[in-house]
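Visitor: Have a look at the structure that comes next, please.
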Amino acid sequence: GMSGSAVVMLDADCSFQTCPAHTRIWWGAYLGTGDELLVAGTVGEVGARIAALRTQARARHGWIMDTYLLRAAD
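The structure is reproduced here in structure tokens:
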């Protein structure tokens, strides 16, 4: 499994979904704008929600700029 932390940008494949379910994730899109989206939790808890939000937001805006931090469980 993963150890430590990783920052990922522009992951169209939502690769975080391959991480263990207990991996912590902090995801954000359109950071610093009026359209900012933020989701945090474990991959198991919020991974599907992030993937769906990302797809919906990209379709609505025609583009997406997002990033996330992954951290191995304690």
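Numbering follows my numbering, with no gaps: position 22 of the sequence shown is 2.
Every residue gets a Cβ at the ideal spot worked out from N, C-alpha and C, and that includes glycine.
Just so we're clear, the structure is a prediction, and the values are computed from it rather than from any experiment.
Please name the residue or residues paired with Arg4 in a DSSP beta bridge.
Guide: Beta-bridge pairing links Arg4 to Thr22 and Arg51.
Visitor: Consult DSSP for Ala(-8) and reduce its assignment to one of helix, strand or coil.
Guide: If DSSP states are grouped into helix, strand and coil, Ala(-8) belongs with coil.
Visitor: Using only CA atoms, which one of Leu33, Tyr48 and Gly(-16) lies nearest to Gly8?
Guide: Minimum Cα distance to Gly8 is reached at Tyr48.
Visitor: Do Arg38 and Ile30 have their C-beta atoms within less than 7 Å of each other?
Guide: Contact: no.
Visitor: Under 7 Å, do Val19 and Cys(-1) count as touching if we go by C-beta distance?
Guide: Taking 7 Å as the Cβ cut-off, Val19 and Cys(-1) do not qualify as a contacting pair.
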